[in-house]
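Participant: Just so you know, the protein sequences line up as chains V and R, in that order. Going by the working numbering, the first sequence opens with residue 1, and the numbers climb by one from there. Going by the working numbering, the second sequence opens with residue 1001, and the numbers climb by one from there. Just so you know, even glycine gets a beta-carbon here, dropped at the ideal spot from N, CA and C.
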Amino acid sequence: MSYQDLHDEDEVLFRPIYESSRSFYIIVIVLTAVFLFGLGCYIRQLFYGLGATGMDEPVSWAFYIIDFVFFIGISHAGTLISAILRLSKAEWRRPITRMAEVITGIVLAIGGLHPVIDLGRPDRILHLFERGRLQSPLLWDLTSVTAYFTASTIYLYIPMIPDIALLRDRGGKLHNFYKILAWGYKGTPKQKHALERAINILMVMVIPIAISVHTIIAWIFGMTLQPGWHSTIFGPYFVVGAIYSGIAALVIVMIVFRKVYHFEDYLKEIHFKYLGTLLLVVSLLWTYFTFAEFLTTFYGHEPAEMRVFLYKFVGPYAPFFWLMVLCNFLMPVIVLSNKKTKTIKGILVASIGVVVGMWLERLIIIIPTLANPRLPYPTGMYTPSITEIGIAAAATSAFVLGFMGFSKLFPLISIWETKEGREHSVHEVSMRLKEYLPGKTEESRVEASVKAEI
Amino acid sequence: MPKYGMVIDLNKCSSCQACVTACKIENNVQIVSEYDAQHGRAMFWMKMLTMEFEGDYPNIRPKTLPRNCMQCDEPSCIKVCPVRATYKNEVGIVAQIYPQCIGCRYCMANCPYTVKVFNWDRNEQPKEVEKCYDPDVSVRPKGVVEKCTFCIHRLQIASEKAKAEHRDMEPGDYVPACVETCPVDAISFGDLDDKKSEVSKESRDYRSFALLDELGTVPKVRYLNAIE
Chain V
1 MSYQDLHDED
11 EVLFRPIYES
21 SRSFYIIVIV
31 LTAVFLFGLG
41 CYIRQLFYGL
51 GATGMDEPVS
61 WAFYIIDFVF
71 FIGISHAGTL
81 ISAILRLSKA
91 EWRRPITRMA
101 EVITGIVLAI
111 GGLHPVIDLG
121 RPDRILHLFE
131 RGRLQSPLLW
141 DLTSVTAYFT
151 ASTIYLYIPM
161 IPDIALLRDR
171 GGKLHNFYKI
181 LAWGYKGTPK
191 QKHALERAIN
201 ILMVMVIPIA
211 ISVHTIIAWI
221 FGMTLQPGWH
231 STIFGPYFVV
241 GAIYSGIAAL
251 VIVMIVFRKV
261 YHFEDYLKEI
271 HFKYLGTLLL
281 VVSLLWTYFT
291 FAEFLTTFYG
301 HEPAEMRVFL
311 YKFVGPYAPF
321 FWLMVLCNFL
331 MPVIVLSNKK
341 TKTIKGILVA
351 SIGVVVGMWL
361 ERLIIIIPTL
371 ANPRLPYPTG
381 MYTPSITEIG
391 IAAAATSAFV
401 LGFMGFSKLF
411 PLISIWETKE
421 GREHSVHEVS
431 MRLKEYLPGK
441 TEESRVEASV
451 KAEI
Chain R
1001 MPKYGMVIDL
1011 NKCSSCQACV
1021 TACKIENNVQ
1031 IVSEYDAQHG
1041 RAMFWMKMLT
1051 MEFEGDYPNI
1061 RPKTLPRNCM
1071 QCDEPSCIKV
1081 CPVRATYKNE
1091 VGIVAQIYPQ
1101 CIGCRYCMAN
1111 CPYTVKVFNW
1121 DRNEQPKEVE
1131 KCYDPDVSVR
1141 PKGVVEKCTF
1151 CIHRLQIASE
1161 KAKAEHRDME
1171 PGDYVPACVE
1181 TCPVDAISFG
1191 DLDDKKSEVS
1201 KESRDYRSFA
1211 LLDELGTVPK
1221 VRYLNAIE
């Protein structure tokens, strides 16, 4: 039986798994080439040492650490947002959660590799397990990133089981693969109950883990003595920044794949409008944190802190700083608070701006502090080498490749949740709404009468 | 146990940089390529730091200061090391374990004095340099962090010698290469806990100060202010 004979209501969601266009293969080839180039750059770096990068003294952390913080930030798109939306019973989450969780899984794997790329001696990575010191924030980081990766992949996988079962029942390609992954799921009430319980436990657990991950990444910087880093606000500031860039990345991915796979019927304008509002709120929150951070520094006027401050505001990093303010504050706020510009296109532009702006924010946090040591050393301007750019390009293409690969194996929009929404939620939500309103609902009246009888 | 410390008298220092050279040779510090030197990767454990310039051009007088590792009593570098590749030993020296370092450079990022240097490239020295290697000091491979260790190998040799001769270590037995080389005796070195030692007296002198004292790292390298 071939899949064309099957006709599901949500057939369009299955289609990408069975059909690939020519442009798909072209993109895969191009991205693979970019990835291989980056891999070559890394192998060269392994042979010649980190001298292949543009790093120097005192800027001893640069591109890799920026990308590490940036990618882990993007990873907050997913699991955190999908968990919060599930927890708050936001019905519009149904077509969004899967994509958000996939972003998390892939980006976390890529981002988590960056500190290893940054190591001078990656061959000694196991020393972290053999002789690791738990007093070092790097060990906290290792722990929390692994925990988050584990939790978020499980959180991606468990809600996918009913969809995998659907794919298994359709037969066709990779039948055994789906059979193993579906764990014999048949949709019996007992199984469904267990599934929902697992999802509920996971979504509550995943939120503190996600918040801890970016807090700890911030603490890598916050725990040092360096001007510009040694700040108590860094933990929450980084978490807000992470959610901010995460939502933006999610919106970009959603818009692109909606167009490519024709999901217009599932991802409607209203979804983007809601996400746009969320983006606007987080944008203002981020601006508030940034303002608080810089005002405190400026008002205190400590010489070492001021050197870093001026380096950002009027010094060599001023173009990046003001571009960040434009991308992260002015542009998104103007676009998203205006009804005329808050269209899908407008939200896409704002999101791209935010992703660029958040990368710049990581750059602005990391480099100026290192470039302005407390003692008067001669310092030059840091410029990345081709190795670092190559590896960054490879990381980005690995993300896109991973996402495309995923879309060829599993549906990008949760099918069972869509069906469930259609079949049950309309009734459920209307009942819930009635509960909010004054007066007793029919059910509670029945319940009360039953109780009275007993 | 003694607590080794150093006091550098800026009144005596003539910025001749003999200590810089002696340190580099004594400790087999990598001589980097021309390209790397131009790109801020020159490696020095002891470095001459220009703190400020006095006067107007062309009558400029730079105020310099020889700067090695401060050997802090409360080191911020060992706090953050994920693999215990840097630690404070029983005589107060902040030492490095090169075979254990994974090269994450967190200690570099957290050193307020920026004294740590990283082996960015493979250690490729001309034959002539390789012939002159100090056999007591290991040559560091690429990808590890290193810094001044108060010539800890000299301490090991001196203490073993004293042990062989069945006597206690005496103040003059162990001095780092920079102290030995200084032509004007600007650097004094010894036990800070011994109240009678020169270094202990000087560290309590009214001219004595420490770099970035306010950070609470408690440096064991102190300076005597230059007074005209």
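1) Where does V/Ser82 sit, in a helix, a strand or coil, going by DSSP?
2) Would you identify the three-state DSSP class for V/Tyr3, choosing helix, strand or coil?
3) Return yes when the Cβ of V/Leu409 is within less than 9 Å of the Cβ of V/Val28, no when it is not.
4) Which one of R/Gln1038, R/Glu1214, R/Thr1181 and R/Asp1193 has the shortest CA to CA distance from R/Met1046?
5) Can you name the start and end residues of the alpha helix (DSSP H) that V/Leu195 belongs to?
6) Apart from the five residues on each side of it in sequence, which residues of its chain come closer than 6 Å, Cβ to Cβ, to V/Pro368?
7) Might you give, ordered along the chain, the residues of its own chain that have their beta carbon closer than 7 Å to the beta carbon of V/Ile391, omitting 5 neighbours on each side?
8) With distances taken from CA atoms, which of R/Pro1058, R/Met1043, R/Pro1062 and R/Phe1044 is nearest R/Glu1052?
9) Would you tell me roughly how many angstroms separate the C-alpha atoms of V/Gln4 and V/Thr97, rounded to the nearest one?
10) Three or more C-beta pairs closer than 8 Å, one from the segment 104 to 112 of chain V and one from the segment 174 to 182 of chain V: is that the case here?
11) Helix, strand or coil: which one does DSSP assign to V/Ser337?
12) Quick one: what's got a C-beta closer than 7 Å to V/His76's C-beta in the same chain, skipping five residues either side?
13) With a cut-off of 9 Å, does the C-beta of R/Met1006 fall near any C-beta of chain V?
14) Rounded to whole angstroms, what's the CA-CA distance from V/Lys434 to V/Tyr299? Just pull it up for me.
15) Are the CB atoms of R/Ile1097 and R/Ala1109 within a distance shorter than 9 Å?
16) I want to see whether chain R comes within less than 9 Å of V/Leu310, judged by CB atoms only; does it?
17) Rounded to whole angstroms, what is the Cα-Cα separation between V/Tyr148 and V/Val206?
18) In chain order, what residues of the same chain lie with their CB nearer than 6 Å to the CB of V/Ala151, ignoring the 5 residues before and after it?
19) DSSP on V/Gly73, reduced to helix/strand/coil?
20) Label R/Tyr1206 either buried or exposed according to how many other C-beta atoms from any shown protein chain fall within 10 Å of its C-beta, with 16 as the threshold for buried.
21) Could you please give the first and the last residue of the uninterrupted alpha helix (DSSP H) stretch that includes V/Ser351?
22) Can you pull out the residues from the segment 1026 to 1044 of chain R whose beta carbon lies closer than 7 Å to at least one beta carbon of chain V?
23) Against chain V, with Cβ distances strictly below 9 Å, would R/Phe1209 count as a contact?
24) With DSSP as the reference, please indicate the residues paired to R/Gln1156 in a beta bridge.
25) Could you give the DSSP three-state label for V/Leu50: helix, strand or coil?
26) Who does R/Gln1096 pair with in a DSSP beta bridge?
27) Report the three-state DSSP secondary structure of R/Glu1146 (helix, strand or coil).
28) Between the alpha carbons of R/Arg1122 and V/Gly357, how many angstroms are there, rounded?
29) Return the CA-CA distance between R/Val1080 and V/Trp140, expressed in angstroms with no decimal places.
30) Should V/Val102 and V/Leu412 be called a contact, given that it needs their Cβ atoms to be closer than 9 Å?
31) How would you list, in chain order, the residues of chain V whose beta-carbon sits under 7 Å from the beta-carbon of R/Leu1212?
32) Would you say R/Met1108 lies against chain V (beta-carbon separation less than 9 Å)?
33) Report the residue from R/Ala1186, R/Glu1170 and R/Leu1211 whose alpha carbon sits nearest the alpha carbon of R/Asp1194.
34) Please confirm if the segment 415 to 427 of chain V is in contact with the segment 1185 to 1204 of chain R, defined as three or more CB-CB distances below 8 Å between the two stretches.
35) Check each residue of the segment 58 to 74 of chain V: if its Cβ is closer than 7 Å to any Cβ of chain R, include it; give the result in chain order.
Facilitator: Answer, in terms of the structure:
1) In the structure shown, the three-state DSSP call for V/Ser82 is helix.
2) Confidence in V/Tyr3 is poor, its pLDDT being 47 and thus under 50, which makes the residue's placement too unreliable to answer from.
3) no
4) Residue R/Thr1181 is the option with its Cα nearest to R/Met1046.
5) Pro189 to Gly222
6) Val308, Tyr311, Lys312 and Tyr317
7) Gly38, Cys41, Tyr42 and Ile117
8) Across the set R/Pro1058, R/Met1043, R/Pro1062 and R/Phe1044, the C-alpha of R/Pro1062 shows the shortest separation from the C-alpha of R/Glu1052.
9) Unreliable placement is indicated for V/Gln4, whose pLDDT of 48 sits below 50; the coordinate value is still reported in the next sentence. Computed Cα separation, rounded: 28 Å.
10) No: the two stretches stay apart, fewer than three of their Cβ pairs being nearer than 8 Å.
11) helix
12) Ala210, His214, Ala242, Ile243 and Gly246
13) no
14) 53 Å
15) no
16) no
17) 7 Å
18) Val206 and Ile209
19) helix
20) exposed
21) From DSSP, the alpha helix (DSSP H) with V/Ser351 extends over Ile344 to Ala371.
22) Asp1036, His1039, Gly1040 and Arg1041
23) no
24) Looking at the DSSP assignment, R/Gln1156 forms no beta bridge with any residue, so it has no partner.
25) helix
26) R/Thr1086
27) strand
28) 36 Å
29) Going by the C-alpha atoms only, they are around 11 Å apart.
30) yes
31) Arg374
32) yes
33) R/Glu1170
34) no
35) Here the close residues are Pro58, Ser60 and Trp61.
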